[in-house]
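Peer 1: The listed protein sequences correspond, in order, to chains A and B.
Anchor point for the first sequence: position 118 equals 118 in my numbering, and the numbering is continuous, going up by one each time.
Anchor point for the second sequence: position 201 equals 201 in my numbering, and the numbering is continuous, going up by one each time.
I'd like to ask some things about the structure below.
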Amino acid sequence: MNQLTIALAKGRLQDVALEYLSRVGIVVSDAALASRKLLVEDDGGRYSFLFVKPADVPVYVEYGVADAGICGRDVLMESQADVHEPLDLGFGACRLVVAGKVETAERGYNLLTTARVATKYPRIAADYFQQRGVPVELIALSGSIELAPVLGLSDHIVDLVETGRTLKDNGLVVIDTIAESTARLIVNRASYHLKRATVAALVALLRHALHL
Amino acid sequence: MSSSLSKIPPGVQYIFDADARLRRWIEREAMTIFDGWSYAEIILPIFDYADLFALGMGKEQAEMTYRFTGRDGKLLALRPDMTSLVARTIATRFRQSSRPIRLSYSGEVFRWDEPRGGRQYEFHQIGLEHIGSDRLEADTEALVIVIELLQKLQLEGFTITLSHVDFFTGIVENLKLDAANRQHLRDMVDRKQIALINEFLKPFTDAADRAAFCKLSTLAGKRDILTAARQLVTNEKSVAALDDLERVYAIAEELELDAHIDIDLGDVGGLDYYTGLTFKIYAPGLGAALGRGGRYDRLLENFGAAEPAVGFSLCLDWLAQLLAPKLKEAIEAQIEAAVTLKTDGDVAAAFQEATRLRRDGRKVRMAGGE
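Below, the structure written as structure tokens:
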């Protein structure tokens, strides 16, 4: 009952998150990780981990299937999940940006023509352009977003940028930064109360590991 | 045609057999308990003028209703909540009645809100309103009734978090924030973004106060947290809020209900609506609060009759979802076996026998050509 289920974002953040957790004694063995199980326990048996796509972490946590989760601020903003967000873990820093070809950047936004925007973040992208009074046509893609402006599928993209290398390699430039993103610890609202001591202990451990 | 027949609009549901029985059972238990505390049931209209709900819920919330035009050309809405309808009834029909007035309700509400955490566009609320008393006994009564109900339903491991809106309001008043900043701070407290809160408060207050504020935002637990809180706040309003919490908690202790109650000083969720004590109900197996309630002394004012009120509502759909694994079998086991009567031969005789059995209260099933 007092075991905590934690949803971790697969990919970019997973290894760093596990590294931080291991520093505070929450160790998931390599054997467990190597198994193809989707739900694995830590060595102490106090936590069970769920490895899911980054954008799904807030969903699992909001529904309470996972008590807590670690994901980027980007997916949290996009999902608008109603969860607690007690810790900015600081790692996995990147920026959520509007980018496009150099010509597009020089032209700026045109309030009279519809901007075609390719993105994995339709909600954030729509908000951004609508707030600026720019009519927007969203093209929802699930990967290789940079390809869209290169091939003329869209004028702009809204995407996560870590080093800017992929943009540069494809001849794209950052037009505006929408938000900075880092990894966040999120907690389900019911778990926050029903498993208060366990959740508080996890927050304290991680805060300690981060020297906050 | 066939595709539109099989397609069900998102957010609605068809419920039958054991699930329907379970829901009716929960509803019956709830209404029986409400009646036991002298709350009279009020059956409310499914739709009413859209403006009414804007008065009761605020414009933004009322935007999420299903709206359509009535024959008189006025805009109508399917009810998104029950309290607005109760409030208007109190302000009109019950204007002359003696106070307090105790009313209970049970019925579906409709919100065009993204279904979150498993709640549909259409869901069933059961609840009560206690109007005309500003005394702490009214708050206590609501709390005691809700616990009686959850115990009666044998809902396991539930926790009720008890909060007070004046606690946060009292602290924030001293910070001299404008409306936008106040809202921003509230959102951060609501999401428990402690590091951001600390950063945000830097221009407004010193390090000691900031540390105190951050601690209070996450302070929750049993009675001892009130003692901790008293060492951190001195403003009159917050202290009065702590006094109220302490008084109600003390009564809960006397009644041996305190095991179910936690005090949560960091809850700022319903600040626009509630005015005093508030509570939320959580249970293992559900990611969100399955019910909430509290004091809302300002609402009736919108309907032209300022008076104090306390109420709560529970989501029947979520209760049924939580109780189903445990209770469905028990409820099915109670279903009486029917006496089967063949109507292949003498039909009149079969029905005669059936009516005789029915008079004895037996369950029958007419079987013709089976």
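No residue lacks a Cβ here, since even glycine has one placed at the ideal position from N, Cα and C.
Note that this is a predicted model, so its numbers are computed, not measured.
For Pro149 of chain A, does the count of other Cβ atoms within 10 angstroms reach 16, so buried, or fall short, so exposed?
Peer 2: Per the 10 Å Cβ criterion, buried.
Peer 1: What does Gly221 of chain B reach in chain A if we use C-beta pairs closer than 8 Å?
Peer 2: Residues of chain A passing the Cβ test: Arg196.
Peer 1: Within 8 Å, do at least three Cβ pairs link the segment 188-205 of chain B to the segment 292-301 of chain B?
Peer 2: Short answer: they don't touch.
Peer 1: Using CA atoms only, rank isn't needed, just tell me which of B:Gly270, B:Phe68, B:Gly56 and B:Ala320 is closest to Glu16 of chain B.
Peer 2: Contrary to the premise, residue 16 of chain B reads as Phe rather than Glu in this sequence. When each option's Cα is compared against that of Phe16 of chain B, the closest is B:Ala320.
Peer 1: Is it true that the segment 121-133 of chain A meets the segment 190-201 of chain A, where meeting means three or more beta-carbon pairs spaced less than 8 Å apart?
Peer 2: Flag = no, the segment 121-133 of chain A and the segment 190-201 of chain A do not touch.
Peer 1: Excluding the 5 residues flanking Cys214 of chain B on each side, which residues of the same chain have their C-beta closer than 7 Å to its C-beta?
Peer 2: Ile194, Ile197 and Asn198.
Peer 1: Considering only their Cβ atoms, is the gap separating Arg67 of chain B from Ala77 of chain B smaller than 8 Å?
Peer 2: Yes; because the gap between Cβ atoms is below 8 Å, this pair is in contact.
Peer 1: Does the beta-carbon distance from Ala118 of chain A to Leu153 of chain A come in below 8 Å?
Peer 2: Closer than 8 Å, so yes.
Peer 1: Tell me which residues of the segment 280-308 of chain B have at least one Cβ-Cβ distance to chain A shorter than 9 Å, keeping chain order.
Peer 2: Answer set for the segment 280-308 of chain B: Lys280, Tyr282, Ala283, Pro284, Gly285, Leu286, Gly287, Ala288, Ala289 and Leu290.
Peer 1: How about the segment 256-273 of chain B and the segment 217-225 of chain B: do they share at least three Cβ pairs that are nearer than 8 Å?
Peer 2: Judged by Cβ distances under 8 Å, the segment 256-273 of chain B makes contact with the segment 217-225 of chain B, as three or more pairs qualify.
Peer 1: For the alpha helix (DSSP H) that contains Gly56 of chain B, what are its first and last residues?
Peer 2: Where Gly56 of chain B is concerned, the enclosing alpha helix (DSSP H) stretches over Ala50 to Met57.
Peer 1: Are the segment 326-335 of chain B and the segment 304-312 of chain B in contact at 8 Å, needing three or more beta carbon pairs?
Peer 2: Cβ pair count under 8 Å is below three, so no.
Peer 1: Using a Cβ cut-off of 8 Å (strictly closer), state whether Thr161 of chain B contacts chain A.
Peer 2: At least one chain A Cβ lies under 8 Å of Thr161 of chain B.
Peer 1: Can you give me the C-alpha to C-alpha distance between Ala212 of chain B and Gly69 of chain A, rounded to a whole angstrom?
Peer 2: Taking the straight line from one Cα to the other gives about 27 Å.
Peer 1: Would you grab the beta carbon distance between Ser85 of chain A and Lys192 of chain B for me? Rounded to a whole angstrom, and I think it's under 8 Å.
Peer 2: It is Glu, not Ser, that sits at residue 85 of chain A in the sequence shown. Indeed they touch by this definition, with Cβ atoms about 6 Å apart.
Peer 1: Taking Cβ-Cβ distances shorter than 7 Å, what residues in chain A pair up with Arg191 of chain B?
Peer 2: Near Arg191 of chain B (Cβ distances below 7 Å), the residues of chain A are His84 and Glu85.
Peer 1: Under the DSSP definition of a beta bridge, which residues are partnered with Gln125 of chain B?
Peer 2: According to DSSP, which records beta bridges pairwise, Gln125 of chain B is partnered with B:Gly107 and B:Cys315.
Peer 1: Find the residues of chain B that neighbour Gly64 of chain A, judging by a C-beta separation of less than 7 Å, and give them in chain order.
Peer 2: The answer, in chain order, is Leu286 and Gly287.
Peer 1: Check whether the segment 87-106 of chain B touches the segment 41-48 of chain B, taking contact to mean three or more Cβ pairs, one atom from each stretch, closer than 8 Å.
Peer 2: Segments in contact, yes.
Peer 1: So, with DSSP's three-state summary, where would you put Arg94 of chain B?
Peer 2: Inspection of the sequence shows that residue 94 of chain B is occupied by Phe rather than by Arg. DSSP places Phe94 of chain B in coil when its eight states are reduced to three.
Peer 1: Taking the beta strand (DSSP E) that Arg73 of chain A falls in, what are its first and last residues?
Peer 2: Run containing Arg73 of chain A: none in the beta strand (DSSP E); it sits in the alpha helix (DSSP H), Arg73 to Ser79.
Peer 1: If you draw a straight line from the alpha carbon of Glu253 of chain B to that of Glu246 of chain B, how long is it in whole angstroms?
Peer 2: So the alpha carbons of these two residues sit roughly 10 Å apart.
Peer 1: Contact defined as beta carbons within less than 8 Å: I believe Ala183 of chain A pairs with Ala34 of chain A. What is the distance between those atoms, to the nearest angstrom?
Peer 2: Wrong, their Cβ atoms sit about 23 Å apart, outside the cutoff.
Peer 1: 8 Å is my cut-off, CB to CB: does Asp243 of chain B come that close to chain A?
Peer 2: No, no contact with chain A.
Peer 1: If Val97 of chain A sits next to Val161 of chain A, beta carbons under 8 Å apart, how far is it from one beta carbon to the other, in whole angstroms?
Peer 2: With a Cβ gap of about 5 Å, Val97 of chain A and Val161 of chain A count as contacting.
Peer 1: Using the C-alpha atoms, what's the distance from Asp190 of chain B back to His371 of chain B?
Peer 2: Limits of chain B in this structure are 1 at one end and 370 at the other, which puts residue 371 of chain B out of reach.
Peer 1: For Arg123 of chain A, return the contacting residues in chain B, with the cut-off set at a CB-CB distance below 7 Å.
Peer 2: The premise fails here: Arg123 of chain A is roughly 11 Å from chain B at the closest Cβ pair, so nothing lies under 7 Å.
Peer 1: Measuring CB to CB, does Val61 of chain A end up less than 8 Å from Val75 of chain A?
Peer 2: Contact flag unset, no.
Peer 1: Which residues of chain A have a Cβ atom closer than 8 Å to the Cβ of Leu344 of chain B, listed in chain order?
Peer 2: The residue asked about is misnamed: residue 344 of chain B is Asp in this sequence, not Leu. Residues of chain A passing the Cβ test: none, with the nearest at roughly 52 Å.
Peer 1: For Leu286 of chain B, tell me which candidate among B:Phe158, B:Asp209 and B:Val268 has the shortest Cα-Cα distance.
Peer 2: Here the closest residue by C-alpha is B:Phe158.
Peer 1: Which two residues bound the contiguous beta strand (DSSP E) that contains Arg67 of chain B?
Peer 2: Here the beta strand (DSSP E) through Arg67 of chain B covers Arg67 to Thr69.
Peer 1: Suppose contacts are defined by Cβ-Cβ distances below 8 Å. Is Val146 of chain B in contact with Ile126 of chain B by that definition?
Peer 2: For Val146 of chain B and Ile126 of chain B, no; Cβs fall outside 8 Å.
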